[in-house]
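Have a look at the structure below before the remarks.
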Amino acid sequence: MRLFFKKAWAFLKRDLREGLSYKSAYLFQIFGIFANILTFFFVAKIFGEGAGRHLQNYGGEYFPFVLIGIACAGYQGTALSSFSRALSREQGAGTLEAILMTPTTLNTIMLSGSLWTFSFTSLRLVFYLLAGAVFFGVDMSKMNVGASLCVLLLSITALAGLGIFQAGFMLVFKRGNPLGFFLNGASRFLSGVYFPVALLPEWVQGFSHLLPLTYSLEAMRKALLQGESLAALGGEILGLILFTVFLLPMGILFFNWAVRRAKREGSLGFS
Numbered sequence: 001m002r003l004f005f006k007k008a009w010a011f012l013k014r015d016l017r018e019g020l021s022y023k024s025a026y027l028f029q030i031f032g033i034f035a036n037i038l039t040f041f042f043v044a045k046i047f048g049e050g051a052g053r054h055l056q057n058y059g060g061e062y063f064p065f066v067l068i069g070i071a072c073a074g075y076q077g078t079a080l081s082s083f084s085r086a087l088s089r090e091q092g093a094g095t096l097e098a099i100l101m102t103p104t105t106l107n108t109i110m111l112s113g114s115l116w117t118f119s120f121t122s123l124r125l126v127f128y129l130l131a132g133a134v135f136f137g138v139d140m141s142k143m144n145v146g147a148s149l150c151v152l153l154l155s156i157t158a159l160a161g162l163g164i165f166q167a168g169f170m171l172v173f174k175r176g177n178p179l180g181f182f183l184n185g186a187s188r189f190l191s192g193v194y195f196p197v198a199l200l201p202e203w204v205q206g207f208s209h210l211l212p213l214t215y216s217l218e219a220m221r222k223a224l225l226q227g228e229s230l231a232a233l234g235g236e237i238l239g240l241i242l243f244t245v246f247l248l249p250m251g252i253l254f255f256n257w258a259v260r261r262a263k264r265e266g267s268l269g270f271s
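Residue numbers (our numbering): 1 to 271.
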């Protein structure tokens, strides 16, 4: 375990150094976040009053509701792409086989190589929330920090199973999994990123309950805006735990099978 953390730290330092060498890219990301926030701030000005009656469970205002939605939804995109991107990076650089000559497994490469992406996504989340509170007057005085962090951790583990499955798909078929793009888009519509799930037709709401992001957003909004405790979030917490227990082992099993197949075919080092 100690060796794993040393390797993970080495990957994180490498990716951090590389990321900081492209400072202009991060400036553009900050501008992009502000543009995104401004867009929904003015959308809320136009439609916010009419939406209030649908948002009583989240404080009654549309802008804080959608701010948390767009801030937290980034974790799904990160989970779906970061693991396969970590492998693709080593394959493209021609370093994957060299790393595998050391006592380093593909699982270690995949997990360690995604640490910076998840860390940066977390920084984006904090920036969204700070910008909303400081510049746009979003009231987060009731925020339950402990419950929010617990929900965030469970959300990452629940979504990680899907991302690990996608990494296995890439090893087998030498291309990205189109299901990931569909799932990301469908989740943004069905999981309540931009509007409450309760507004959807009842038969469509059933599909929403099959997506981890639905439970994640519901719990994060209640914890951040209403200050609800873990006990009050029991239903959402249980949902995320069940997704983690099911999706994470399934993703790991599929990925390990994909690794064995790629080794038999000698295709791990494709570029």
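Here a beta-carbon is modelled for each residue, glycine too, at the ideal position from N, C-alpha and C.
- DSSP, reduced to helix, strand and coil, places Y22 outside both helices and strands of the structure shown, so it counts as coil.
- Scanning M220, S119, S82 and R17 for the CA closest to the CA of N107 turns up S82.
- Less than 8 angstroms separates the beta-carbon of L211 from that of L190.
- Taking the CA atoms as reference points, V197 sits about 10 angstroms from F207.
- The residue among S21, V138, S122 and W9 with its C-alpha nearest the C-alpha of F41 is V138.
- Under the three-state reduction of DSSP output, F195 falls in the coil class, being neither helix nor strand.
- Close CB contacts of T244 within its chain, under the 6 angstroms cut and outside five residues either way in sequence, are with T157 and A158 (chain order).
- Distances from the CA of Y194 to each of C72, R124 and A10 were compared; the closest alpha carbon is that of C72.
- Taking all protein chains in view, the Cβ of T39 is surrounded by fewer than 16 other Cβ atoms within 10 Å, so the residue is classified as exposed.
- Per DSSP, the unbroken alpha helix (DSSP H) holding N256 starts and ends at G234 to E265.
- With three or more CB-CB distances shorter than 8 angstroms, the region 213-229 counts as touching the region 133-151.
- Cβ atoms of L224 and I68 come within 8 angstroms of each other, at about 6 angstroms.
- For P201, no alpha helix (DSSP H) segment is defined, and its DSSP state is neither H nor E.
- Under a 10 Å Cβ-count criterion, A10 is classified as exposed, with fewer than 16 other Cβ atoms of the shown protein chains found around its own Cβ.
- In the structure shown, D15 falls within a helical segment according to DSSP collapsed to helix, strand and coil.
- The three-state reading of DSSP puts A167 in helix, counting H, G and I together.
- By the Cβ-count criterion, Q76 is buried, with 16 or more other Cβ atoms from all chains shown falling within 10 Å of its own Cβ.
- The C-beta distance from I37 to Y128 rounds to 7 angstroms, short enough to fall under 8 angstroms.
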